[in-house]
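A short write-up of the structure that comes next.
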Amino acid sequence: MWRDEAYALDMLIAARKTRIYLGVTDIASLNADAILQDAIVRQLGVLGEAAARISDDFRVAHTEVPWRDIIGMRNRLVHDYWSIDVAEVWRTVTNDLPALIAVLEDLAPAE
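Counted the way numbering that gives the first Met the number 0 counts, the sequence shown spans residues 0 to 110.
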């Protein structure tokens with residue numbers, strides 16, 4: 000179980016970094032900044048990879064986390080890197096990550 004909590008902490012850290020990196024940047028600014036895109040995509044990849052390593056038992060116990068969506072996004076970002084939809088990335092970070100961070104704060108051990 001400690002491994003699952005460690006991966007949940009990795010997820011939380013990656014999600015927080017992503018939100019910090021994006022800050023108040025609008026979609027046009029994100030589109031124009033390849034370095035920022037790379038940083039955000041990297042952290043979303045870490046988030047998804049950590050989620051993929053969490054045990055099935057932990058996932059079943061915590062259905063409030065959209066495991067399949069997180070892992071699926073990671074797979075698209077890593078394997079379909081040539082066709083990343085920056086608007087989708089921006090929407091995910093802006094709309095979905097705040098709620099995910101709140102959930103992960105309850106699951107992850109204190110830093």
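Virtual Cβ for every residue (Gly too), placed ideally from N, Cα, C.
When DSSP states are grouped into helix, strand and coil, Val59 belongs to the helix group. Around the beta-carbon of Ala109, fewer than 16 other beta-carbon atoms lie within 10 Å, marking it exposed. Ranked by Cα distance from Trp1, the options Ile26, Ile53, Ile69, Ala86 are led by Ile53. With fewer than 16 neighbouring CB atoms inside 10 Å of its own CB, Ile34 falls in the exposed class.
Put simply, the backbone Cα of Trp81 is about 34 Å away from that of Asp56. Residue burial is scored here from C-beta neighbours: Ala107 has at least 16 other C-beta atoms within 10 angstroms and is therefore classed as buried. In this structure, DSSP gives Ser54 a state outside helix and strand, which the three-state scheme calls coil. Residue burial annotation: Arg73 is buried, with at least 16 other C-beta atoms found within 10 angstroms of its C-beta.
For Ala101, the enclosing alpha helix (DSSP H) has its first and last residue at 96-106.
At the C-beta level, Val92 and Leu21 come within 7 Å of one another.
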